[in-house]
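Residue numbers (the working numbering): 3 to 356.
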């Protein structure tokens, strides 16, 4: 790509972390004119913004700042809170990517006349006859394609993932050390970006007005087993932190917001072969339909390994019939499926799997 990229402008999402810094460096080496854009999703990211600006200075690239806190609050924080109120366990990054991050990246690129968009995600983009597709990153341990499945063609057709072909994180840090960049040893962030250091997500939800009343623990037959502290305290598969002992191992196997009940059962009750998903997004050209009955590789959470499944359309989305039963399918998380390394699509896991 380097020869064709000479002097072509690319707008990069620049957080100031190791990955986005390495992405900028690689783009520079390929001949792009790199511009760095920092997104402030809380309106209170002064220290982080300064770090990003410092890295832009070290890289000798222009730095731009966008306060995205208003749209982020109206869309992602609102969705995050509503999901917990409905007994779901949301993944806000999946909806932030198309609704905020890449949307603003594209709008800003258009304003400044940048042809390409880029981020430090571990994934790859390839063009096929039916459209542009996301592929898993070469470093499968860091692969982030799962988080990107909702991106559509207007973004994919302009998108570059410079880290997609990198084998290891240590290779990236070595590159930054060689260039004497000051963030080469910075730790990776593991927190939800909009929840402050030391704040628990429960406290955050309460601060935003989410109420969660006490209710009954019940078994699969509806027999009352005790009292729970409120649905937002629990997620599917949870064993510890129930606030009560039962004399044997029990797990959260379901949340019923209509009855305000937490359903408990044994570990075996968490397994299911069929996963249903709603709010589907299919990659590539929408006219290139995935065949009903296609055999795919699918995963039901970011860190899960992919497993073989059969894809079927449903009235409001799709279902996946897994060859091997999946544990703790969690409403609000996403089911994402592939053809080899090529991402085909995904959707939000619906309630009522068992």
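For glycine and all other residues, C-beta sits at the position ideal for the given N, C-alpha and C. Everything numeric in this text was worked out from a predicted model, so none of it was measured.
Which value, in whole angstroms, describes the spacing of the CA atoms of residue 70 and residue 155?
23 Å
What does DSSP give as the partner residues of residue 265 in its beta bridges?
220, 256
Need the endpoints of the alpha helix (DSSP H) that residue 274 sits in, please.
Segment 273-284 is the beta strand (DSSP E) holding residue 274; no alpha helix (DSSP H) there.
Mark residue 80 as exposed unless 16 or more other C-beta atoms lie within 10 angstroms of its C-beta, in which case mark it buried.
exposed
Less than 7 Å between C-beta atoms, sequence neighbours within five positions excluded: which residues of the same chain meet that for residue 53?
Cβ neighbours of residue 53 beyond the five flanking positions: 18.
DSSP three-state label for residue 63, please.
coil
Jot down the residue ranges of each uninterrupted beta strand (DSSP E) in the region 190-217, minimum 3 residues, whole runs only, in chain order.
Under the rule that a run must span 3 or more residues, no beta strand (DSSP E) segment is found entirely inside the region 190-217.
State the start and end residues of the unbroken beta strand (DSSP E) segment that holds residue 316.
Looking at the DSSP string, the run of the beta strand (DSSP E) that includes residue 316 is 309-316.
Alpha carbons only, please: which of 122, 105, 96, 166 is nearest the one belonging to residue 128?
166
Name the two residues that bound the continuous alpha helix (DSSP H) containing residue 109.
According to the DSSP assignment, residue 109 belongs to the alpha helix (DSSP H) that extends over 104-114.
Taking 6 Å as the limit between beta carbons, can you name the residues of its chain near residue 98, skipping five residues before and five after?
78
Where does residue 352 land, buried or exposed, given buried means 16+ other C-beta within 10 angstroms?
It is buried - the Cβ of residue 352 has at least 16 other Cβ atoms within 10 Å.
What are the complete beta strand (DSSP E) segments, minimum 3 residues, inside the region 126-200?
133-138
Could you pull the DSSP bridge partners for residue 230 from this structure?
217
Checking the sheet assignment: what are the DSSP bridge partners for residue 34?
None; residue 34 has no bridge partner.
How many Å lie between residue 196 and residue 224 at the Cα?
Cα to Cα, residue 196 sits roughly 37 Å from residue 224.
Return the CA-CA distance between residue 21 and residue 145, expressed in angstroms with no decimal places.
13 Å
Using a Cβ-Cβ cut-off of 6 Å (strictly less than) and excluding sequence neighbours within five positions of residue 46, which residues of its own chain qualify?
Closer than 6 Å at the Cβ level, and outside the excluded window around residue 46, lies no residue.
Can you check DSSP and say which residues form a bridge with residue 11?
35
At what residues does the beta strand (DSSP E) containing residue 238 begin and finish?
That residue, residue 238, is in no beta strand (DSSP E); it is neither H nor E in DSSP.
DSSP on residue 88, reduced to helix/strand/coil?
coil
Using three-state DSSP, classify residue 6 as helix, strand or coil.
Low confidence applies to residue 6: its pLDDT is 48, below 50, so where it sits in the model is not reliable, and the reading given next is rough at best. If DSSP states are grouped into helix, strand and coil, residue 6 belongs with the helices.
Hey, out of 60, 44, 61, 40, whose CA is closest to residue 51's CA?
40
Please determine, among 88, 131, 271, 108, the residue with the shortest C-alpha to C-alpha distance to residue 68.
For the options 88, 131, 271, 108, the alpha carbon positioned closest to that of residue 68 is the one of 108.
State buried or exposed for residue 6, treating a residue as buried only when at least 16 other CB atoms are found within 10 Å of its CB.
Note that residue 6 scores a pLDDT of 48, beneath 50, so its modelled location is shaky; the value from the coordinates is reported in the next line. Residue 6 is exposed by the Cβ-count criterion.
Leaving aside the five residues before and after residue 8 along the sequence, list all residues of the same chain whose C-beta is less than 6 Å from its C-beta, in chain order.
Any reading at residue 8 needs caution, since the residue's pLDDT is 47, under 50, leaving its predicted position unreliable; the model's value is listed next. These residues qualify, in order along the chain: 33.
With distance defined between alpha-carbon atoms, name the residue in 249, 265, 102, 141 nearest to residue 256.
265
My output table needs one value for residue 339: the three-state DSSP class, helix, strand or coil.
strand
Alpha carbon to alpha carbon, what distance is there between residue 48 and residue 183?
21 Å
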